[in-house]
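Here's the structure we're looking at; comments come further down.
Protein chains: 2
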Amino acid sequence: MDQPEILLAGPGPSPTSHAVRQAQAAPLLGHLDPDFLAIVDRVQAGLRTLFGTGNEFTLPISGTGSAGMEAVLTNLLEPGDRIVIGVHGVFGQRLVQLARRLQAEVVEVTAEFGTALDPAAMARAIATGPTRVVAVVHAETSTGVLQPLPEIAAAARAAGALFVVDCVTSIGGRELSWDALGVDAAFAGTQKCLSAPPGLSPVTFSPRALARVAARRSPVPSFYFDTTLLVGYFGPGRAYHHTAPISLVAALDAALGEVLAEGLPARSRRHDDVARALRAALQALGLQLLVPDPIATPMLTSVRLPAGVDDKPLRAFLRQAWRIEIGGGLGPLAGRIVRIGLMGHGARPENVRRIVAALADGLARQGVRGDLAAALAAVQC
Amino acid sequence: MDQPEILLAGPGPSPTSHAVRQAQAAPLLGHLDPDFLAIVDRVQAGLRTLFGTGNEFTLPISGTGSAGMEAVLTNLLEPGDRIVIGVHGVFGQRLVQLARRLQAEVVEVTAEFGTALDPAAMARAIATGPTRVVAVVHAETSTGVLQPLPEIAAAARAAGALFVVDCVTSIGGRELSWDALGVDAAFAGTQKCLSAPPGLSPVTFSPRALARVAARRSPVPSFYFDTTLLVGYFGPGRAYHHTAPISLVAALDAALGEVLAEGLPARSRRHDDVARALRAALQALGLQLLVPDPIATPMLTSVRLPAGVDDKPLRAFLRQAWRIEIGGGLGPLAGRIVRIGLMGHGARPENVRRIVAALADGLARQGVRGDLAAALAAVQC
Numbered sequence: 034m035d036q037p038e039i040l041l042a043g044p045g046p047s048p049t050s051h052a053v054r055q056a057q058a059a060p061l062l063g064h065l066d067p068d069f070l071a072i073v074d075r076v077q078a079g080l081r082t083l084f085g086t087g088n089e090f091t092l093p094i095s096g097t098g099s100a101g102m103e104a105v106l107t108n109l110l111e112p113g114d115r116i117v118i119g120v121h122g123v124f125g126q127r128l129v130q131l132a133r134r135l136q137a138e139v140v141e142v143t144a145e146f147g148t149a150l151d152p153a154a155m156a157r158a159i160a161t162g163p164t165r166v167v168a169v170v171h172a173e174t175s176t177g178v179l180q181p182l183p184e185i186a187a188a189a190r191a192a193g194a195l196f197v198v199d200c201v202t203s204i205g206g207r208e209l210s211w212d213a214l215g216v217d218a219a220f221a222g223t224q225k226c227l228s229a230p231p232g233l234s235p236v237t238f239s240p241r242a243l244a245r246v247a248a249r250r251s252p253v254p255s256f257y258f259d260t261t262l263l264v265g266y267f268g269p270g271r272a273y274h275h276t277a278p279i280s281l282v283a284a285l286d287a288a289l290g291e292v293l294a295e296g297l298p299a300r301s302r303r304h305d306d307v308a309r310a311l312r313a314a315l316q317a318l319g320l321q322l323l324v325p326d327p328i329a330t331p332m333l334t335s336v337r338l339p340a341g342v343d344d345k346p347l348r349a350f351l352r353q354a355w356r357i358e359i360g361g362g363l364g365p366l367a368g369r370i371v372r373i374g375l376m377g378h379g380a381r382p383e384n385v386r387r388i389v390a391a392l393a394d395g396l397a398r399q400g401v402r403g404d405l406a407a408a409l410a411a412v413q414c
Numbered sequence: 034m035d036q037p038e039i040l041l042a043g044p045g046p047s048p049t050s051h052a053v054r055q056a057q058a059a060p061l062l063g064h065l066d067p068d069f070l071a072i073v074d075r076v077q078a079g080l081r082t083l084f085g086t087g088n089e090f091t092l093p094i095s096g097t098g099s100a101g102m103e104a105v106l107t108n109l110l111e112p113g114d115r116i117v118i119g120v121h122g123v124f125g126q127r128l129v130q131l132a133r134r135l136q137a138e139v140v141e142v143t144a145e146f147g148t149a150l151d152p153a154a155m156a157r158a159i160a161t162g163p164t165r166v167v168a169v170v171h172a173e174t175s176t177g178v179l180q181p182l183p184e185i186a187a188a189a190r191a192a193g194a195l196f197v198v199d200c201v202t203s204i205g206g207r208e209l210s211w212d213a214l215g216v217d218a219a220f221a222g223t224q225k226c227l228s229a230p231p232g233l234s235p236v237t238f239s240p241r242a243l244a245r246v247a248a249r250r251s252p253v254p255s256f257y258f259d260t261t262l263l264v265g266y267f268g269p270g271r272a273y274h275h276t277a278p279i280s281l282v283a284a285l286d287a288a289l290g291e292v293l294a295e296g297l298p299a300r301s302r303r304h305d306d307v308a309r310a311l312r313a314a315l316q317a318l319g320l321q322l323l324v325p326d327p328i329a330t331p332m333l334t335s336v337r338l339p340a341g342v343d344d345k346p347l348r349a350f351l352r353q354a355w356r357i358e359i360g361g362g363l364g365p366l367a368g369r370i371v372r373i374g375l376m377g378h379g380a381r382p383e384n385v386r387r388i389v390a391a392l393a394d395g396l397a398r399q400g401v402r403g404d405l406a407a408a409l410a411a412v413q414c
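Chains A and B are the protein sequences, given in the same order.
Start counting the first sequence at 34; every next residue gets the next number (this note's numbering).
Start counting the second sequence at 34; every next residue gets the next number (this note's numbering).
If you want it as structure tokens, here you go:
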């Protein structure tokens, strides 16, 4: 770790501030220490603001975003329950895979990677059977699509289904209003727009969702993720359940402090501004974007690779010569796109310029030349 | 976190060194960055040494000790599988609770909290049916008993069962020899004798255990803990599965470096020496130990509270007036014992003296007076 810092401009983790990093280096407190529990309380309150919810059950799961996904589905689904899942990327596929493991009846509504889900198709699938859960990914990290949610939320509510949203990548970069929208459970990540280290997954469950857990016929097949046990620690009883990742919670507390000090509207605008600049510059360079403007998520931009460009040496060159990490494609997009993340602490105009220059350099070394001066001039922030 | 440091002398977390804390404060690397993967490789090699195993599948699960427990049982057990569990403390009970959630046929072999399991009783239970898994806790953190394992391991092997050991609290404080003993899967913690922050759980699976996973009739009901997916990332393919908790892995790497530099024999002796001193001093103070010498685990000492002493104000006084955290009792021992951990970086003679003086002070304030001078004189290290 004694090498020069790498600019993290992939799909996550994102760069962390000095203060967030140093919060981890404080001497540990015990997980039942009153001073630590005060930090936990503050983290829960901050997460409620970010999710846009008043849900009492709002807390960081002690695992990464996929652990949060598992905490949500494992509590809400029982064998045979019908779940309608929107699949327009790798993380929708992951929801399907997990729901199948939990022996749910899975109905997939698919859209091509790089496009948004069709709300009418979702509504038809939801109405076709007695649907327990509807789940969609808000910002698909594998493609860079920001899924519009209101129509799907309304269809789920009309059918009496619980509405679940993956907001791993959008939290802290958009203003979320999950109560107003009618989201019953959501899971998030810390290492994207929150710019905290990975290892925790903020989740929230509405009272309706918790009532579903309470009405289960079978026990939750997990001890670690069982919401009824988690409230024992996060609730007033403060009963030992597992040892919280103390240093990560301290880092998340520091990161939430920075997010709330900036304010969500300003932070959301900052993500929009740098994304707009990046997209303009990439197009000025002659590159094609995977996702059209109206459904593009600002924190993650997917760029089609020109014909003949090899993905791995391009990314290796950026890491080696420019100390910049960007992401490759996943699933059917592997080798066809690169993904550029401008998230949280990393969503800055200087990073846009540096990344555009690096990418132009890397592409030129594979014989693809664009007008870098025009691209840099297109950066209007 | 800006208050004076608290001496962590409870059941965990233990104190961390400055270097381990600072390892978390380095700028993040990506979870697929070659420099980070080199750290992962080194961590895996270090964990193999600590477990005493050559198992290729040896890695840190991205969650705390209970997540490691879940990773082991969720992969190895299918509905209807028979598991014999030794229960002599809260963590044995937790194994039972988890196995039941996984719909296993659970056979409990119990021993009074504070005593060791009877190997003959375990052997009888194992031989009674076709047993898939035998699971015991090595160092029971709820009582302070160090369970002798060879006879139970032999009985498990004779029955063709997989032998699972919880070594959350013993790893890094004892020389473990899991291959020689015939352990098929084990899970551990980072926040005890390894003196790394909590949030990771080292696990190891033998080839026999992995063959069992491969032969499952049903999918593992977890995506996050599925060993066949974890090898995709930890194996040569380096496929994305979930984002590793990068800063925690860096801290674990630093902690393992300190453990291996000290050497396991010397580290084990250090834990023995301070535990012997603590036990002698507590007895010189007139206190009774819960666990007799031959089966007492050195890293955690349980002390019976004298009649009339109230547990909570005693611990609150130690925290407030001495800045020392010790643990209370769990389950049937709640209010009846306190637990003193001398683990890893905290297993030092000066801490023994400080804790003994603090405990004598706290007990005196509840009317129980002992000979503190004699107790301190009994500290022979």
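Cβ coordinates follow ideal geometry from the N, Cα and C atoms, glycine included.
Contact residues within the stretch 215–227 of chain A, judged by C-beta distance below 7 Å to chain B: Q224
Length at least 4, wholly inside the stretch 220–258 of chain A: the alpha helix (DSSP H) runs in chain order: 240–247
Close-in-space but distant-in-sequence residues of the same chain around H378(A) (CB under 7 Å, 5 per side omitted): S47, P48, T49, S50, S228
S335(B), enclosing beta strand (DSSP E) - first and last residue: 333–337
Any chain B beta carbon closer than 7 Å to I279(A): yes
Best match in A349(A), V105(A), A354(A) for proximity to V216(A) [C-alpha to C-alpha]: V105(A)
Beta-carbon proximity check, E173(A) vs H121(A), cutoff 7 Å: yes
Those runs of the beta strand (DSSP E) which lie wholly inside the stretch 87–167 of chain B and span at least 3 residues: 91–94, 115–120, 138–143
Status (buried if at least 16 other CB within 10 Å, exposed otherwise) for G296(A): exposed
Contact with chain B by L131(A), beta-carbon distance below 7 Å: yes
Cβ of G257(A) within 7 Å of any chain B Cβ: It is worth fixing the name first, because residue 257(A) is Tyr in this sequence and not Gly. Yes, Y257(A) lies at the interface with chain B (some Cβ there is under 7 Å from its Cβ).
Beta carbon proximity, T261(A) to chain B, threshold 7 Å: no
Counted within 10 angstroms of its Cβ, other Cβ atoms place V352(A) as buried (16 or more) or exposed: Here residue 352(A) is Arg; the residue named in the question, Val, does not match the sequence. Buried, by the Cβ-count rule.
Chain-ordered neighbours of D66(B) on chain A, where CB pairs are closer than 8 Å: I39, R352, E358
Residue-level contact to chain B via CB, L128(A), 7 Å cutoff: no
Presumed contact (8 Å Cβ cut-off) between L128(B) and A168(B), rounded CB distance: 5 Å
Coil, strand or helix - V76(A) by DSSP: helix
Contact set between E103(A) and chain B, taken where Cβ atoms lie within less than 8 Å: S255, F256, Y257
Neighbouring residues, chain A, relative to H378(B) (Cβ below 8 Å): By Cβ distance, chain A contributes nothing, its closest Cβ being about 10 Å from H378(B), past 8 Å.
Nonlocal neighbours in the same chain, by C-beta distance under 7 Å from G177(A), ignoring five residues either side: L323, V324, A329, T330, L333, T334, S335, R372
Pick from I388(A), G268(A), D114(A), L150(A) that is closest to A137(A), judged by C-alpha positions: D114(A)
First and last residue of the uninterrupted beta strand (DSSP E) at D286(A): D286(A) -> not in any beta strand (DSSP E); alpha helix (DSSP H) instead, spanning 279–295.
Residue range of the unbroken alpha helix (DSSP H) whose run includes G395(A): 382–397
CA-to-CA distance, G206(A) to G206(B), given in whole angstroms: 44 Å
Chain A contact residues for T49(B), given Cβ-Cβ distances below 8 Å: P60, L61
Top-ranked residue by Cα proximity to L131(B), from G101(B), F146(B), A154(B): G101(B)
Whole-Å CB distance - G362(A) paired with P44(A), under 8 Å assumed: Incorrect: roughly 10 Å between the Cβ atoms, too far for contact.
Any C-beta of chain B under 7 Å from that of T276(A): yes
Nearest neighbour of G232(A), chosen from I116(A), A380(A), A391(A), I94(A) [CA to CA]: I94(A)
First through last residue of the beta strand (DSSP E) which encompasses D66(A): First-last for D66(A): undefined, no H or E at that position.
Cβ-based neighbour list, R387(A), same chain, cut-off 8 Å, excluding 5 preceding and 5 following: L40, W355, I357
Simplified DSSP assignment, three categories, for D212(B): helix
The stretch 302–316 of chain A touching the stretch 388–407 of chain A, judged by at least three CB pairs closer than 8 Å: yes
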